[in-house]
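Q: I have a structure here, written as structure tokens, and I will follow up with some questions on it.
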Amino acid sequence: MKVRRSERLIDMTRYLLERPHTLVSLTFFAKRYESAKSSISEDLTILKRTFQMRGTGILETIPGAAGGARFIPYILKEEAQTFIDAMTAKVADKSRVLPGGYVYLSDILGQPEILRQVGRVIATQYLNQKIDAVMTVATKGIPIAQSVATYLNVPFVIVRNDSKITEGSTVSVNYVSGSSERIKKMELSKRSLTEGANVLIVDDFMKGGGTINGMKTLIEEFDANLIGITVFAEAAFTGNRLIDDYTSLLRVTNVNDSEKAIKVVPGNYLETVFGAEV
């Protein structure tokens, strides 16, 4: 059914936003709206300019018979900094201090708007890299992984500490907890990753890095490739941290559970993604 341009622009915007990193052909849009390809091209030019001006993302337009449009979401530096500053203030609440130097984050990472922004922020870091899967460990990292995977439009896989019959055959590894130095086990379904897959690890909180190091070992067992590691928050750690190449949105520099004191600063995300001037 032929539609007016205003209606066409609204529907095209929705369609592209729901399918990030997916090439959509001009032919598809032309048939969908019963419009000439020249009209569709003009519409895409309008969307491209608007997305860029509003900091929504990049709309790639690819010419030729096999061409089309691909939406790549990102976040601008100013918006990312505003979000991270807001999260820094929100986490720096002494009521969040838990025994053992941990920080309560479940309520924050249970809010859809915050999760959307976390996913957008992390996806921006890997804008120009090929990611095939996002990996996290059950359970608190799951909503972050799902949000990031949505913006990258790739599957997310969940590493577990115990066997689930619904997972089928699994690959398991032993790892050393960086904070407690205890030997633990984690496993992942054999169907979760393919050989050569490019994997991004995300998690909610990191102390000694033992859990993430275990996930790195699992990725190696699958003959897959680790592309990056990003966590929502890291804690200052005086021991031998098992991970040194990672990105964090927040850094908890001091937690005193006896005095209920906590200090939080931005992590290395802004500097890593947008440069030293941040």
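Each step along the sequence shown adds one to the number in full-length UniProt numbering, with nothing skipped, and position 56 is 56.
In this text, a Cβ means the ideal position worked out from N, Cα and C, and glycines have one as well.
(1) Cα-Cα, which of Glu167, Ala123, Asn174 is closest to Arg191?
(2) Does the Cβ-Cβ distance between Asp105 and Phe205 come in under 8 Å?
(3) Distance check for Lys216 and Met186, CA to CA, integer angstroms please.
(4) Quick one: grab the DSSP three-state call for Tyr269.
(5) Check each candidate in Ser35, Ile183, Thr27, Gly196 and name the one with the smallest Cα separation from Glu221.
(6) Closest to Asp257 by CA distance: which of Gly101, Thr50, Gly57, Lys48 is it?
(7) Could you confirm whether any beta carbon from chain D is found closer than 8 Å to the beta carbon of Arg120?
(8) For Asn235, which of Ala92, Val24, Ala66 has the nearest alpha-carbon?
(9) Give me the Cβ distance between Val121 and Leu249, rounded to the nearest whole Å; I'm assuming they're in contact under 8 Å.
(10) Answer yes if the stretch 18-31 comes into contact with the stretch 61-74, meaning at least three C-beta pairs across the two stretches below 8 Å, and no otherwise.
(11) Count the other C-beta atoms from every protein chain shown that fall within 10 angstroms of the C-beta of Lys207, then say buried if there are 16 or more, exposed otherwise.
(12) How far does the alpha helix (DSSP H) with Gly57 in it extend, from its first residue to its last?
(13) Could you say which of Pro99, Ile201, Thr194, Glu34 lies nearest to Ile229 if we only look at CA atoms?
(14) Buried or exposed, going by whether 16 or more other CB atoms sit within 10 Å of the CB of Leu98?
(15) Fully enclosed by the UniProt domain "Bacterial purine repressor N-terminal" (4-73), which alpha helix (DSSP H) runs are 4 residues long or longer?
(16) Where does Leu105 sit, in a helix, a strand or coil, going by DSSP?
(17) Starting from Ile183 and walking both ways along the beta strand (DSSP E), at which residues does that stretch end?
(18) Just how far apart, CA to CA, sit Ala149 and Ala261?
(19) Whole angstroms is fine: what's the gap from Leu218's alpha carbon to Leu188's?
(20) Distance check for Gly209 and Val103, CA to CA, integer angstroms please.
(21) In angstroms, rounded to a whole number, what distance separates the CA positions of Val264 and Asp223?
(22) Give the straight-line distance between the Cα atoms of Ile273 and Leu152, rounded to the nearest whole angstrom.
(23) Tell me the residue span of the beta strand (DSSP E) that contains Asn174.
A: The short version:
(1) To locate residue 191, count along the sequence shown from 1; it is residue 191. Comparing Cα positions, the closest option is Glu167.
(2) In the sequence shown, counting from the first residue as 1, residue 105 sits at position 105. In the sequence shown, counting from the first residue as 1, residue 205 sits at position 205. Reading off the sequence, residue 105 comes out as Leu, not Asp. Yes, Cβ-Cβ distance for Leu105 and Phe205 is below 8 Å.
(3) Start at 1 with the first residue of the sequence shown, and residue 186 comes out as number 186. Start at 1 with the first residue of the sequence shown, and residue 216 comes out as number 216. For Met186 and Lys216, the distance between alpha carbons rounds to 11 Å.
(4) Here the question's residue 269 lines up with position 269 in the sequence shown. Here Tyr269 sits in helix by DSSP.
(5) Mapped onto the sequence shown, residue 221 falls at position 221. Ranking the options by Cα distance to Glu221, first place goes to Gly196.
(6) As a first step, residue 257 must be located in the sequence shown, where it is residue number 257. The shortest C-alpha separation from Asp257 is found at Gly101.
(7) Within the model displayed, chain D is absent; a lone protein chain is all it includes.
(8) Along the sequence shown, read from residue 1 onward, the residue named residue 235 stands at position 235. The identity of residue 235 in the sequence shown is Ala, whereas the question assumes Asn. The candidate whose alpha carbon is nearest that of Ala235 is Ala92.
(9) Locating residue 121 in the sequence shown gives position 121, counting from the first residue. Locating residue 249 in the sequence shown gives position 249, counting from the first residue. Contact flag correct, Cβ pair sits at about 7 Å.
(10) yes
(11) Here residue 207 refers to the residue found at position 207 of the sequence shown. Classification for Lys207: buried.
(12) Sequence index remark: in the sequence shown, residue 57 carries index 57 (1-based). Taken as a continuous stretch (DSSP letters only), Gly57 belongs to no alpha helix (DSSP H), being part of the beta strand (DSSP E) at 57-62.
(13) If you number the sequence shown from 1, residue 229 lands on position 229. Nearest C-alpha to Ile229: Ile201.
(14) Taking the sequence shown and counting its residues from 1, the one referred to as residue 98 is at position 98. The residue is exposed, with fewer than 16 neighbouring Cβ atoms inside 10 Å.
(15) 5-17, 26-33, 37-54
(16) Here residue 105 is taken as the residue at index 105 of the sequence shown, counted from 1. Coil, per DSSP.
(17) Along the sequence shown, one-based indexing puts residue 183 at 183. Its beta strand (DSSP E) spans residues 183-189.
(18) As a first step, residue 149 is located in the sequence shown; it is residue number 149 there, counting from the start. As a first step, residue 261 is located in the sequence shown; it is residue number 261 there, counting from the start. Spanning the two alpha carbons is a distance of roughly 34 Å.
(19) As a position in the sequence shown, residue 218 is number 218, starting the count at 1. As a position in the sequence shown, residue 188 is number 188, starting the count at 1. Cα to Cα, Leu218 sits roughly 8 Å from Leu188.
(20) Position 103 of the sequence shown, counting from 1, holds the residue named residue 103. Position 209 of the sequence shown, counting from 1, holds the residue named residue 209. For Val103 and Gly209, the distance between alpha carbons rounds to 16 Å.
(21) Looking up residue 264 in the sequence shown gives position 264. Looking up residue 223 in the sequence shown gives position 223. Looking at the two C-alpha atoms, the distance is approximately 37 Å.
(22) If you number the sequence shown from 1, residue 273 lands on position 273. If you number the sequence shown from 1, residue 152 lands on position 152. Residue 273 is actually Val in this sequence, not Ile. Rounded to the nearest angstrom, the two C-alpha atoms are 17 Å apart.
(23) Indexing the sequence shown from 1 puts residue 174 at position 174. Here the beta strand (DSSP E) through Asn174 covers 170-176.
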